[in-house]
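Top to bottom, those sequences are chains A and B. Heads up: the first sequence begins at 17 in the numbering used here, then just goes up one per residue. Heads up: the second sequence begins at 5 in the numbering used here, then just goes up one per residue. Quick reminder that beta carbons are idealized off the backbone N, C-alpha and C, glycines included.
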Amino acid sequence: MDTLVSFGQLFLAGFQTPTLGFLLGGMFMAAMGSRLSIPDQVYKFIVFVLLMKIGLRGGMEIRNANLAELLLPAFFAVLIGIIIVYGGKVALSKLPGIRPVDAIATAGLFGAVSASTFAAAMLHLDDIGMEYEAWVSALYPFMDITALVLAIVLARLVTQKEDKANDKEAPKHKRKDINIQAIVVDSLRGSALSALILGLLLGLLTKPEPVYESFYNPVFRGFLSILMVIMGIEAWQRLSELRRVAHWYAVYAVIAPLMHGAIAFGFGAIAHHLTGFSPGGVVLLAILAASSSDISGPPTLRAGIPTANPSAFIGSSTSIGTPICIAIGIPLFTELAKVVF
Amino acid sequence: MKHKATLLSIMTEKVFEENILEVLEQEGAKGYTIFEGGGNGSFHLHPAQHASMVDEFRIVKIEVIVLSTDTANKIAKRLMEECFNEQPGIVSLSDVQIFRAQKF
Numbered sequence: 017m018d019t020l021v022s023f024g025q026l027f028l029a030g031f032q033t034p035t036l037g038f039l040l041g042g043m044f045m046a047a048m049g050s051r052l053s054i055p056d057q058v059y060k061f062i063v064f065v066l067l068m069k070i071g072l073r074g075g076m077e078i079r080n081a082n083l084a085e086l087l088l089p090a091f092f093a094v095l096i097g098i099i100i101v102y103g104g105k106v107a108l109s110k111l112p113g114i115r116p117v118d119a120i121a122t123a124g125l126f127g128a129v130s131a132s133t134f135a136a137a138m139l140h141l142d143d144i145g146m147e148y149e150a151w152v153s154a155l156y157p158f159m160d161i162t163a164l165v166l167a168i169v170l171a172r173l174v175t176q177k178e179d180k181a182n183d184k185e186a187p188k189h190k191r192k193d194i195n196i197q198a199i200v201v202d203s204l205r206g207s208a209l210s211a212l213i214l215g216l217l218l219g220l221l222t223k224p225e226p227v228y229e230s231f232y233n234p235v236f237r238g239f240l241s242i243l244m245v246i247m248g249i250e251a252w253q254r255l256s257e258l259r260r261v262a263h264w265y266a267v268y269a270v271i272a273p274l275m276h277g278a279i280a281f282g283f284g285a286i287a288h289h290l291t292g293f294s295p296g297g298v299v300l301l302a303i304l305a306a307s308s309s310d311i312s313g314p315p316t317l318r319a320g321i322p323t324a325n326p327s328a329f330i331g332s333s334t335s336i337g338t339p340i341c342i343a344i345g346i347p348l349f350t351e352l353a354k355v356v357f
Numbered sequence: 005m006k007h008k009a010t011l012l013s014i015m016t017e018k019v020f021e022e023n024i025l026e027v028l029e030q031e032g033a034k035g036y037t038i039f040e041g042g043g044n045g046s047f048h049l050h051p052a053q054h055a056s057m058v059d060e061f062r063i064v065k066i067e068v069i070v071l072s073t074d075t076a077n078k079i080a081k082r083l084m085e086e087c088f089n090e091q092p093g094i095v096s097l098s099d100v101q102i103f104r105a106q107k108f
């Protein structure tokens, strides 16, 4: 009961934090039909700075970390990516009015990782003083790329099966094999992962402490609040697209983040007992799993699964999945960690 | 001084641009122009009026002019078969008159 009360208080307090407050503010302005808009370039720059900050800090910490500790969580990150995509495909395909390719693309996007949600979770842990390994950010690509690649491969298999069932001779260019390497390279070249990897490398190989302390760290909080306003506006605008597709997507988008987070929390707890993975690290792993990609995932999936309807997968992720993850997921898994560990 | 030529207009999403340019280059198009913009279509994903988080979903119009009608038809046919059987896209051909035929 105490936990429930404390969660309720935390949830209320959460509305007043810059993260959730600004997100809801953005949604409110969009709902009011405000013409408030923030230029694309600003938004891209902010995402770059946030990911550089996360990467730099991760890289600086990896310098002094025992890399063997990273192996188990990295393996779990891959495993969670697979479970989310496969589970999502099976669950969504059973629901009425959902095409298999749309189910796979949606599951793929929910398996992929949102940089902004991850940044918000890190900030929350800093605020409440819960320790975590900064190298958790290095787990991002393991889960993200696994989910995207698996989704694209599964979708290809489904399309080929459908073609065969319809006795359609597949056109010559479609018969070519699925090129997994090309998908991985394409994901790594995406703007989000590029910034994160650049930050990790610079943190690992150079001594960026002065610029980290004087620039990246101080602006992190302010930039994140602006990003939250943009995401709130986007979430509201995408909601109208989601209304055009089956309502089951909305149900999935509410349940999936919390379920994925819980699965990852379980794996994190195993790593905690085996290798001493910190409680804060477990929370961040849960948030990696609970979040769904908003920036780099959608174009990769659009290119890889062109037959899937983007209104379905982007609508569920941006307008419901991300707000749920930030509003409920982050406080929920933090409280859970306090109770369990 | 004026020469007859064919203008190919290709409308699609930016994310699919690369495959199309590959076909154009293979078929010997000497140049092309890309316009970025917004619009509305079956996927309702291209709001021109507000910033979109994902740049790759913008609509692009690729225009290329070729002298030979056969080349234009061949390009259009290849695009319809190789790019647009799964991906959204529109290809249109129109007769135009150009100057400086050596440029095409």
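Run of the beta strand (DSSP E) containing residue i, from where it starts to where it stops
i	result
B/L11	7-17
Which residues DSSP lists as bridging residue i, in chain order
i	result
B/F39	B/K65
B/S96	B/S13
A/V270	BP columns for A/V270 are empty, so no partner.
B/Q101	B/K8
B/V70	B/T10
Cβ-based burial, residue i [other Cβ within 10 Å; buried from 16]
i	result
A/D202	buried
A/G320	buried
A/M43	buried
A/I70	buried
A/E149	buried
A/H289	exposed
A/K105	buried
A/T350	buried
A/L164	buried
A/F92	buried
A/T19	exposed
B/F88	buried
A/L174	The question names Leu, but residue 174 of chain A is Val in the sequence shown. Buried is the call here.
B/R62	buried
A/S256	exposed
A/F61	exposed
A/V355	exposed
B/A105	exposed
A/H140	buried
Beta-carbon proximity check, residue i vs residue j, cutoff 8 angstroms
i	j	result
A/A131	A/V63	yes
A/G331	A/R254	yes
A/M159	A/I96	yes
A/P295	A/G30	no
A/M244	A/F38	yes
B/E60	B/Y36	no
A/L300	A/I78	no
A/P89	A/F293	yes
A/L111	A/L317	no
B/K4	B/F108	Since the first residue of chain B shown is 5 and the last is 108, residue 4 of chain B is not available in this structure.
A/G75	A/L258	no
A/T122	A/Y268	yes
A/I395	A/L170	There is no way to answer for residue 395 of chain A, as the model of chain A reaches only from 17 to 357.
A/A278	A/I100	no
B/V58	B/E40	no
B/I14	B/V95	yes
B/V27	B/E90	no
A/Y228	A/R73	yes
Range covered by the alpha helix (DSSP H) that runs through residue i
i	result
A/R254	233-258
A/G215	207-221
A/E351	346-356
A/Q176	156-181
A/F134	131-144
B/E45	Looking at the sequence itself, residue 45 of chain B is Gly, so the reference to Glu does not match. Taken as a continuous stretch (DSSP letters only), B/G45 belongs to no alpha helix (DSSP H), as it is neither H nor E.
A/Y102	84-110
A/G41	34-47
A/S327	326-330
B/Q30	21-30
A/A302	295-306
B/K34	It is not in any alpha helix (DSSP H) - B/K34 carries neither H nor E in the DSSP assignment.
A/A121	116-127
A/I78	56-80
Integer-rounded CB distance, given that residue j should sit under 8 angstroms from residue i
i	j	result
A/G337	A/I303	Not a contact, Cβ separation roughly 12 angstroms.
A/A137	A/L66	Not really, about 12 angstroms apart at Cβ, beyond 8 angstroms.
B/I102	B/H7	6 angstroms
A/A328	A/D118	5 angstroms
B/L12	B/L71	Wrong, their Cβ atoms sit about 12 angstroms apart, outside the cutoff.
A/V129	A/S307	6 angstroms
A/I249	A/Y59	Rounded, the Cβ-Cβ distance is 10 angstroms, inconsistent with contact.
A/V261	A/N325	6 angstroms
A/I340	A/A208	In fact, because the Cβ distance is near 21 angstroms, the residues do not count as touching under 8 angstroms.
Below-8 angstroms beta-carbon distance, residue i vs any chain C residue
i	result
B/F108	This model lacks chain C altogether; the protein chains it does include are A and B.
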